[in-house]
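Note that the protein sequences, when read in sequence, are chains A and B. The opening position of the first sequence corresponds to residue 517 in the numbering used here, with each subsequent residue numbered one higher. The opening position of the second sequence corresponds to residue 517 in the numbering used here, with each subsequent residue numbered one higher. Contents: one structure, followed by commentary.
2 protein chains.
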Amino acid sequence: MRQFKATLAYDGTDFHGWQIQPDHPTVQGALKQVLETIECGPVDVQGAGRTDAGVHALGQVASFSLVNPIPEENLVKAVNRLLLKTVRVLAINSVSPDFHARYSATGKLYEYRIQRDEICSPFDGRYAYHHPYPLDEAAMIEAAAAFEGRQDFRSLAASGGDEVESTVRTIFSSTLHREREGEAERLIYRVRGDGFLYHMVRNIVGTLLDVGRGRLAAEDIPKMLARRERAAAGGTAPARGLFLVRVEYGPAADTTHTTTTP
Amino acid sequence: MRQFKATLAYDGTDFHGWQIQPDHPTVQGALKQVLETIECGPVDVQGAGRTDAGVHALGQVASFSLVNPIPEENLVKAVNRLLLKTVRVLAINSVSPDFHARYSATGKLYEYRIQRDEICSPFDGRYAYHHPYPLDEAAMIEAAAAFEGRQDFRSLAASGGDEVESTVRTIFSSTLHREREGEAERLIYRVRGDGFLYHMVRNIVGTLLDVGRGRLAAEDIPKMLARRERAAAGGTAPARGLFLVRVEYGPAADTTHTTTTP
Chain A
517 MRQFKATLAY DGTDFHGWQI QPDHPTVQGA LKQVLETIEC GPVDVQGAGR TDAGVHALGQ
577 VASFSLVNPI PEENLVKAVN RLLLKTVRVL AINSVSPDFH ARYSATGKLY EYRIQRDEIC
637 SPFDGRYAYH HPYPLDEAAM IEAAAAFEGR QDFRSLAASG GDEVESTVRT IFSSTLHRER
697 EGEAERLIYR VRGDGFLYHM VRNIVGTLLD VGRGRLAAED IPKMLARRER AAAGGTAPAR
757 GLFLVRVEYG PAADTTHTTT TP
Chain B
517 MRQFKATLAY DGTDFHGWQI QPDHPTVQGA LKQVLETIEC GPVDVQGAGR TDAGVHALGQ
577 VASFSLVNPI PEENLVKAVN RLLLKTVRVL AINSVSPDFH ARYSATGKLY EYRIQRDEIC
637 SPFDGRYAYH HPYPLDEAAM IEAAAAFEGR QDFRSLAASG GDEVESTVRT IFSSTLHRER
697 EGEAERLIYR VRGDGFLYHM VRNIVGTLLD VGRGRLAAED IPKMLARRER AAAGGTAPAR
757 GLFLVRVEYG PAADTTHTTT TP
C-alpha cells in the first residue's frame, strides 16, 4: 500500500464541483473512477478543497492509496489517458502514509478574475466574471488588505455551508491588482490563507465589488466582519471567475517519501 | 437600408461551423437569428470565410444590411446581449452598399496552435492540437516557407469541398515558430494569403507534421504540390487548433461609409 499526492488542474465549467455526487459529473468522482479502473478495486480519494460547481483549479491536491505496483511516472500517463480532457493530473508523488490532502494542508492560494473590458472575449467567458461597469478600483485595492490577519470570518461564510466549530481563519495576504493580457483588462484578486470557509473567497469578492460600487467603504470592512452575520457582507461572486491556484503543505508533508513495499 | 460590416470572435467548440445548417447550431445561424430579432424581418448574413466545425475566430467578418435605424454604437450592445456568450461581436461599422464580407476580402490570416507539452492544460485543450511526441521542428520551420508564393494548391484541397474553377492561390507569408506562454510550449503556424481552399490550412499543418515526423522532406514540398492530388499531401490537422485571425480588405472597402437615409 503506497500513499500518493496528486496535483490536478481542471476546467470546472462542466462539473458539479469537486465533491462526489450521485448522478452528477464531479472531479472527485471522475478521478476516483479512473483510479479504481487502474487499481481494479475501491480507492478512497481525498481532496484538499471542495471547489464549488464551476470553480476551476490550477493546482488542486488529492490524496489516495494504491496497492497496484504501477511506477509513479507511468501513473500520471495512465490516469490522464483515462480522464476527461477537462481534468489533467500534473504530477503524482509518493508521500508519507499519514499524508492527507485536506488535513495536512497548511495553506491555500485562490485567484479571482474580473474581466473589465466592455466586450468579454468568448475565450475568457468561462474563466472570468465579466463586469464592464464602473468600479472604484482604488477603493477596492485598499479594501482587499482589510481581510488580512487572524479574524473571525463568519460574515463571509455561506449560511448553507458545513457546520464548523470555529469561523476564525488566518489570511496571510489579500491583494487586488489590475492586469493586462493581450487585449484583455482584468482585475485579479489573490488571497492566501490557512483555510477558507464555504463560499468565503466568492463572498470577499462580492464585498469588494460592493466597495467598488460605492455601497460600502473600505474602512467599514472591520465593522462588517465584527457583525458576524452573512447579511453584513456583499453578495457571492459567480463561480466561473474563481481558481484554486495551489495548496501548500509543511516541508515534511511535501517531500517525496521512499515507499516500502508492504 | 444601410450595409454593415461586423467583426466577430467565437469559440468554435460547440458550433457546427460558420455556415448555416438546419437543426445544428452554427455561427452564421446564431448571428442571423439575432439580427432578424433586431430587424423584425429577414436578414441575409454573409461571412468572409466558412470556418469548419470546431474552428475558432478572433476576427471573422460578416456583412448584412438593415432597415432598422438603430445607431451603430447601440447595435454592438444589442447584438451581444442576444447572442450566445461563445460568440462576440467586436465591432460593427457602416460600409459602402457594395461591400461583401467574402467578395470584397483581399486577404486572410489564419493561425494554427500545436501544444507541445507532455500534459495539455485543461484550459488549452479546446484551443490547440496536443502533440507531445517528437518532431523535427527545424525541418518544419524550413518547410513552412515552401508554401509561400502564387502556386496551385490542389494537393491541399479537400476532395469533398466546393467545386472551384481554379486551385491557384497566393500565399503572402507562411511561418512556423515556437512560443512560450506561461507554462505552455507551443508551435504557432501563421499563414496569410489572398484566399484558401477548403481544409487548406489544416492540410498544410498535416503536411508540416509529416515533415516533423520525417515522413516527408522539406525540399519535397514543391514536388508534392506539383502532383496536384490530395493523396500527395499529409492528413488534415484537427479543427480545434485553427483560428481565423483576421480578414483583410482593400482600403476603400474598409473605411466607414456615410450612410444616406433611404
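Glycine included, C-beta positions come from ideal geometry on N, C-alpha and C.
Taking the C-beta atoms as reference points, Lys-624/B is found nearer than 8 Å to Leu-760/B. At a beta-carbon threshold of 9 Å, the residues of chain A lying near Lys-601/B are Cys-636, Pro-638, Gly-641, Arg-642 and His-646, ordered along the chain. Contact of Asn-596/A with chain B is assigned, a C-beta pair being separated by under 8 Å. For Asn-596/A, the closest of Pro-558/A, Lys-548/A, Ile-630/A and Phe-639/A by C-alpha to C-alpha distance is Lys-548/A. Of the candidates Ala-748/B, Glu-699/B and Ala-546/B, Ala-748/B places its Cα closest to the Cα of Gly-722/B. No residue range can be given for Arg-731/B, since it is assigned to no alpha helix (DSSP H) and is classified by DSSP as neither H nor E. Within the region 650 to 727 of chain A, complete beta strand (DSSP E) segments of at least 3 residues are found at 665 to 668, 684 to 697 and 700 to 709, given in chain order. Here Arg-604/A has Leu-524, Ala-525, Tyr-526 and Asn-596 as same chain residues with Cβ atoms under 8 Å from its own Cβ, once five neighbours each way along the sequence are excluded.
Remark: three or more beta-carbon pairs, one from each stretch, lie closer than 8 Å, so the region 727 to 746 of chain A and the region 663 to 675 of chain A are flagged as touching. In this structure, Ala-569/B is the residue among Thr-602/B, Ser-637/B, Ala-569/B and Val-763/B with its C-alpha nearest to the C-alpha of Ala-753/B. In this structure, the alpha-carbon of Glu-681/B lies about 15 Å from that of Leu-672/B. Under DSSP, Tyr-645/A forms a beta bridge with Ile-630/A. At a cut-off of 8 Å between beta-carbon atoms, Asp-527/B makes contact with chain A. With respect to the 8 Å criterion, Ala-660/A and Arg-718/A are not classified as neighbours on the basis of their beta carbons. As for any beta strand (DSSP E) of minimum length 3 sitting wholly inside the region 550 to 587 of chain A, the runs are 572 to 582, ordered along the chain. Gln-544/A and Trp-534/A have their C-alpha atoms spaced approximately 5 Å apart. One alpha carbon belongs to Ile-720/A, the other to Gln-562/A, and they sit about 26 Å apart. Relative to the Cα of Arg-731/A, the nearest Cα in the group Arg-702/A, Ala-594/A and Leu-651/A belongs to Leu-651/A. Listed along chain B, the residues sitting closer than 8 Å to Leu-606/A by beta-carbon distance are Ile-635. In this structure, Phe-520/B sits near Asn-609/B, with a CB-CB distance shorter than 8 Å. By alpha-carbon distance to Gly-641/B, the top candidate from Arg-632/A, Cys-556/A and Lys-601/A is Lys-601/A. Assignment of beta-bridge partners to Gln-537/A by DSSP yields His-540/A. The alpha-carbon separation between Asp-614/B and Arg-566/B amounts to approximately 20 Å.
Each residue's CA atom was taken as its position, placing Pro-587/B and Ile-635/A some 18 Å apart.
8 Å or more divides the Cβ of His-532/A from the Cβ of Pro-538/A. Straight across, the Cα-Cα distance linking Ala-742/A with Ala-578/B is about 55 Å. As computed with DSSP, Gly-623/B is found in a beta bridge with Glu-764/B.
One Cα belongs to Arg-746/B, the other to Gly-709/B, and the distance between them is close to 20 Å.
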